[in-house]
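The structure appears right after this line, and notes come after that.
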């Protein structure tokens, strides 16, 4: 039974999980704010615990000749209206608050962890009951229930803090529950289950470690709230009875003294603020640490950051990088797309050049993670936040796109260049009917009245062969099948009558029979309108059926380009051949398809020489020694392989 | 849609029943009796027992609860043991104060929170950072302390607004506004920052979604994407957050009313708590819960309007 969990992928997962655990504390301690807060908390806690010994005066000791004293060497934080030393009262009063926090946190943690983990691991009716219970508790106004308890139990603070722990437990339970579910779905836990570990063992071994981060964040919030609530109770005069000090009733004292001496407000409220702020900030630090990001990195996230930075490449052109073709509808010359990572940026697409002629269908082929989608996103300049496009030139119908502003660029999207994406349903806005979305696109691109737009939308739906346009128009995306949603997405892309349609794996998410229909539709649409097509895919069948030319991408580079017939019958680059071998195109029926061993090197760790070297059967020393140029094979074809340069064609 | 409403109502009614039952059971476990609360600590055990018998407070707790529930369903929440007034009348006479405070703060939270969250999501930079810092500060600083500082600054030193008290809107509209400004601001500031942070996060996650990528790729102007397409999708989670914020605001009104000397449900709750006035405590607990249930119900209806998937259920 245990044999099932063996294999490289599970090992990998185990290793990654272990790394996550190991990096957690070092990431936490690398945040100076967290360390400072922890130190402050420690000083407060130790000071309060040792109050009887370290505090300079007794908490009730009055010095009526020295009331409302400002801070001095005798009274570090001054004295109150009865001449009592504020620091001493604070240290003694803190014992009550800290005990209250401890009680609330203990109760909340016990209930929340048990409930959340039980619901997440056991599932079934336990899950249902636990989550319903949480829903119920969430609707209870906390402070009201606390006052109820205090009213009934006559200022019994322990009862109040335990109640607070109970009231706050559903939020923790939910956090733990969703973290548990997330961990449960991870392959290594599924593996452990298959290996025959019981739920309890799985919980202890795997889930507890995965849940710790989110749970700690929530627990620190609970502690902060408990501190505020305890002080609030004291302030209302419902907790510790004066003259015994508590942080809350010291604020009450300060309030009474306010007209005469406002200073007292500062230390009394300040200590509460310091403790709660420290707890909150530690919670934030824990969250940042387990999410693996350094604090403050969210600053650059905004709509504004979606507008990619555009610049000229710094490196001069290398041989083999084609100049822009004159007659091309789209011409991309030396485009590099980089995404931010850490403090710098790493290239995802590396110096890509290609042309698309009017009416031509060009395929971009490669495994996932090779930069195919990012290439077309770079052309459209619709990229993740903080992206950077470097290009010598990108021209569409002779217009230089790189020199256009974001607003100018937008006038080419949709009208000049249409786009359909991989996931048809999620590419449509879930909150509007598809008819509305289609009409909106028509009105936007053609400036028509509502009535005309509806008519055009109807025509478009007929053009993409949707049955019952009237009925479909009233549906929401989630009510459609993938094939129908993709037809709507195509219709929307056609609304602006583009001359170039970019399709990002348009059939990958669809059933095989629907795939054929969509491909037929695309081909027919192209024949009718004469628009050019860029088709991103990893399916050679799609390439062979739909496209005229193909670009093969590997690890951010174009490694081979040729017309489709040539590339399928006589592939030059070893990667192209391996890709073709692993697909069913040209394979004998019932033949087992080989897979390419190894994985695409991720961006940021591309080797110096040939990026395919580690997986290539024909590798030699020269492959790894330096930059591999694109070698022209005539008629716009070329391959990025050292063997091509040696003898024109790579021998099989 | 009707199903959503019905489900929420079906959950709300037992919730109120459970809350009132818990309060009843807790009070019977606590020991102290109604008779004792009325007669005070100096009364003799005999006279307490006599009064308990007279009031029916010596019967089993579930029987008493059954009585209370039957009366409560007909709108009678019992009589305060300290003032002798009917609880439901006391609550309704003070409701306006608490509603002015909590709804005022809620409006502030929604308008300011959503606006600044949206600005932070669109422009990035300092606004988002500021909202995050304010949210941390708002969670960390005790509201009653903030309130005292506000009183000191705006009431005493600058003398812009009255230091305490509440002016009914019927008496003077401007006086009503003046008496509410500071407490509403103090009550709402922390939650405003919280809603801003959530709004920003929801909008940012929508900005990374597939449908926004498609809209951008198809040349939609940014204003239309942000204020129509993203807004409708982000509104649901923000609204849920707002409804949770309202629960917190209700608790906050207790402190604010106490500090600013406003005769609302909060001060009633505090005085009932100190005086051990069980019928009032009970009535208020149920009433507060009912308010929360109503707000959650309205949230569900609004979410259903915004999200067709919820509506379909």
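Chains as they are written, first to last, in the numbering used here: chain A, 639 to 1290; chain B, 158 to 470. Quick reminder that beta carbons are idealized off the backbone N, C-alpha and C, glycines included. All of these numbers come straight from a predicted model, not from anything done at the bench.
Going along chain B in order, which residues have a C-beta closer than 8 Å to the C-beta of residue 1198 of chain A? In the first chain, the residue the question calls residue 1198 of chain A occupies position 560. Result: empty, since nearest Cβ-Cβ is about 27 Å, beyond 8 Å.
Find the nearest neighbour of residue 985 of chain A within the set A/1025, A/967, A/954, judged by alpha-carbon distance. Sequence index remark: in the first chain, residue 985 of chain A carries index 347 (1-based). Checking every option, the nearest Cα to that of residue 985 of chain A belongs to A/1025.
Taking the runs of the alpha helix (DSSP H) that are 4 residues or longer, which of them lie wholly in the region 1123-1195 of chain A? Taking only runs of at least 4 residues, the alpha helix (DSSP H) segments lying wholly in the region 1123-1195 of chain A are 1150-1167, 1178-1184.
Does residue 704 of chain A get closer than 9 Å to chain B when you measure Cβ to Cβ? The residue labelled residue 704 of chain A in the question sits at position 66 within the first chain. Not an interface residue.
Between residue 903 of chain A and residue 305 of chain B, how many whole angstroms is the CB-CB distance? I'm expecting something under 8 Å. Position 265 of the first chain, counted from the start, is the residue given in the question as residue 903 of chain A. Position 148 of the second chain, counted from the start, is the residue given in the question as residue 305 of chain B. The Cβ separation is near 6 Å, so the contact holds.
Just by C-beta distance, which residues in the region 160-172 of chain B are closer than 9 Å to chain A? Cβ contacts with chain A come from 168, 169, 171, 172.
Helix or strand or just coil, what does DSSP make of residue 1258 of chain A? By one-based count along the first chain, residue 1258 of chain A stands at place 620. Three-state DSSP puts residue 1258 of chain A in coil, outside helix and strand.
Please report the straight-line C-alpha distance between residue 1130 of chain A and residue 397 of chain B, rounded to a whole angstrom. Sequence index remark: in the first chain, residue 1130 of chain A carries index 492 (1-based). Sequence index remark: in the second chain, residue 397 of chain B carries index 240 (1-based). Taking the straight line from one Cα to the other gives about 32 Å.
Residues bridged to residue 1057 of chain A (per DSSP): Walking along the first chain from the start, residue 1057 of chain A turns up at place 419. Bridge partners of residue 1057 of chain A: A/1140.
If you measure from the beta carbon of residue 217 of chain B to each beta carbon in chain A, is any gap under 9 Å? Sequence index remark: in the second chain, residue 217 of chain B carries index 60 (1-based). So, not an interface residue.
Spatial neighbours of residue 101 of chain B within its chain, please: C-beta separation below 8 Å, excluding the five flanking residues on both sides. Nothing in the structure corresponds to residue 101 of chain B, since chain B is present only between 158 and 470.
With a Cβ-Cβ cutoff of 9 Å, do residue 1032 of chain A and residue 968 of chain A count as a contact? Stepping through the first chain from its first residue, residue 1032 of chain A is reached at position 394. Stepping through the first chain from its first residue, residue 968 of chain A is reached at position 330. The Cβ-Cβ distance between residue 1032 of chain A and residue 968 of chain A falls below 9 Å.
At 9 Å on the CB atoms, spell out the chain A contacts of residue 378 of chain B, in chain order. On the second chain, residue 378 of chain B is found 221 positions in, with the first residue counted as 1. The answer, in chain order, is 1045, 1048, 1082.
Hey, which unbroken runs of the alpha helix (DSSP H) at 4 residues or more fall wholly within the region 359-428 of chain B? Listed in chain order, the alpha helix (DSSP H) runs fully inside the region 359-428 of chain B are 367-374, 388-416, counting runs of at least 4 residues.
Compare the C-beta of residue 222 of chain B with all C-beta atoms of chain A and state if any pair is closer than 9 Å. Within the second chain, numbered from 1, the residue matching residue 222 of chain B stands at position 65. At least 9 Å separates the CB of residue 222 of chain B from every CB of chain A.
Please work out which residues of its chain come closer than 8 Å, Cβ to Cβ, to residue 324 of chain B, disregarding the five sequence neighbours upstream and downstream, and give them in chain order. Start at 1 with the first residue of the second chain, and residue 324 of chain B comes out as number 167. Within the same chain, and ignoring the five residues on either side of residue 324 of chain B in sequence, the residues whose Cβ sits closer than 8 Å to its Cβ are 332, 333, 335, 336.
Using the rule of at least 16 other Cβ atoms within 10 Å of the residue's Cβ for burial, across every protein chain shown, is residue 702 of chain A buried or exposed? Position 64 of the first chain, counted from the first residue, corresponds to residue 702 of chain A. Counting C-beta atoms within 10 angstroms of its own C-beta, residue 702 of chain A has fewer than 16 neighbours from the protein chains shown and is therefore classed as exposed.
Thinking C-beta only, is residue 866 of chain A closer than 9 Å to residue 299 of chain B? Within the second chain, numbered from 1, the residue matching residue 299 of chain B stands at position 142. Within the first chain, numbered from 1, the residue matching residue 866 of chain A stands at position 228. Yes, the Cβ-Cβ distance between residue 299 of chain B and residue 866 of chain A is below 9 Å.
Hey, out of A/813, A/1186, A/944, whose CA is closest to residue 1203 of chain A's CA? The count along the first chain starts at 1 and reaches residue 1203 of chain A at position 565. Of the candidates A/813, A/1186, A/944, the one whose C-alpha sits nearest the C-alpha of residue 1203 of chain A is A/1186.
Distance between residue 1013 of chain A and residue 1028 of chain A (C-alpha atoms, nearest Å): Your numbering for residue 1028 of chain A matches position 390 in the first chain. Your numbering for residue 1013 of chain A matches position 375 in the first chain. Residue 1028 of chain A and residue 1013 of chain A have their C-alpha atoms some 12 Å from each other.
Looking at the secondary structure, which residues open and close the alpha helix (DSSP H) in which residue 979 of chain A lies? As a first step, residue 979 of chain A must be located in the first chain, where it is residue number 341. Per DSSP, residue 979 of chain A lies in no alpha helix (DSSP H) segment; the continuous beta strand (DSSP E) that holds it begins and ends at 968-979.
Tell me where the alpha helix (DSSP H) around residue 289 of chain B begins and ends. Position 132 of the second chain, counted from the first residue, corresponds to residue 289 of chain B. Element bounds for residue 289 of chain B: 283-297.
Which chain A residues sit within Cβ distance under 9 Å of residue 411 of chain B? Within the second chain, residue 411 of chain B is the residue found at index 254, counting from 1. Ordered by position in chain A, the residues that pass the 9 Å Cβ test against residue 411 of chain B are 781, 782, 785, 870, 874.
Residues in the region 364-376 of chain B with C-beta within 8 Å of chain A's C-beta atoms, listed in sequence order? Those would be 364, 365, 366, 367, 368, 370, 371, 372, 373, 374, 375, 376, in chain order.
Return yes when the Cβ of residue 308 of chain B is within less than 9 Å of the Cβ of residue 321 of chain B, no when it is not. Within the second chain, the letter at position 164 stands for residue 321 of chain B. Within the second chain, the letter at position 151 stands for residue 308 of chain B. Contact flag set, yes.
Cα separation between residue 924 of chain A and residue 666 of chain A? For this step, residue 924 of chain A is matched to residue 286 along the first chain. For this step, residue 666 of chain A is matched to residue 28 along the first chain. For residue 924 of chain A and residue 666 of chain A, the distance between alpha carbons rounds to 6 Å.
Are the C-beta atoms of residue 446 of chain B and some chain A residue less than 9 Å apart? The residue labelled residue 446 of chain B in the question sits at position 289 within the second chain. So, interface residue.
Please determine, among B/367, B/426, B/401, B/216, the residue with the shortest C-alpha to C-alpha distance to residue 387 of chain B. As a working mapping, residue 387 of chain B is identified with position 230 in the second chain. Each of B/367, B/426, B/401, B/216 was checked against the Cα of residue 387 of chain B, and the nearest Cα belongs to B/367.
Beta-carbon within less than 8 Å of residue 226 of chain B's beta-carbon, same chain only, minus the 5 sequence neighbours each way: which residues are those? Numbered from 1 along the second chain, position 69 holds the residue referred to as residue 226 of chain B. Excluding residues within five positions, the ones whose Cβ falls inside 8 Å are 174, 177.
Flag residue 415 of chain B as yes if its beta-carbon sits less than 9 Å from any beta-carbon of chain A, otherwise no. Residue mapping note: residue 415 of chain B aligns to position 258 of the second chain, counting from 1. Flagged as an interface residue toward chain A: residue 415 of chain B, by a C-beta distance shorter than 9 Å.
Considering only residues of the same chain and omitting the five flanking positions on each side of residue 693 of chain A, which have a CB-CB separation below 6 Å? Locating residue 693 of chain A in the first chain gives position 55, where the first residue counts as 1. For residue 693 of chain A, where only same-chain residues beyond five positions count, the Cβ hits under 6 Å are 726, 729.
In three-state DSSP terms, what is residue 1038 of chain A? Here the question's residue 1038 of chain A lines up with position 400 in the first chain. Correct three-state label for residue 1038 of chain A: strand.
Are there 16 or more other CB atoms within 10 angstroms of the CB of residue 314 of chain B, so buried, or fewer, so exposed? Translated into positions along the second chain, residue 314 of chain B becomes position 157. So residue 314 of chain B ends up on the exposed side.
Please tell me whether residue 431 of chain B has its Cβ less than 9 Å away from any Cβ of chain A. Numbered from its first residue, the second chain carries residue 431 of chain B at position 274. Chain A, which has a Cβ nearer than 9 Å to the Cβ of residue 431 of chain B, makes this yes.
Could one say the Cβ of residue 233 of chain B lies closer than 9 Å to chain A's Cβ atoms, at least one of them? What you label residue 233 of chain B is simply residue 76 of the second chain in a count that begins at 1. It does not: the Cβ of residue 233 of chain B has no partner Cβ on chain A nearer than 9 Å.
Is the region 1095-1108 of chain A close to the region 404-412 of chain B, with three or more CB pairs under 8 Å? Segments in contact, no.
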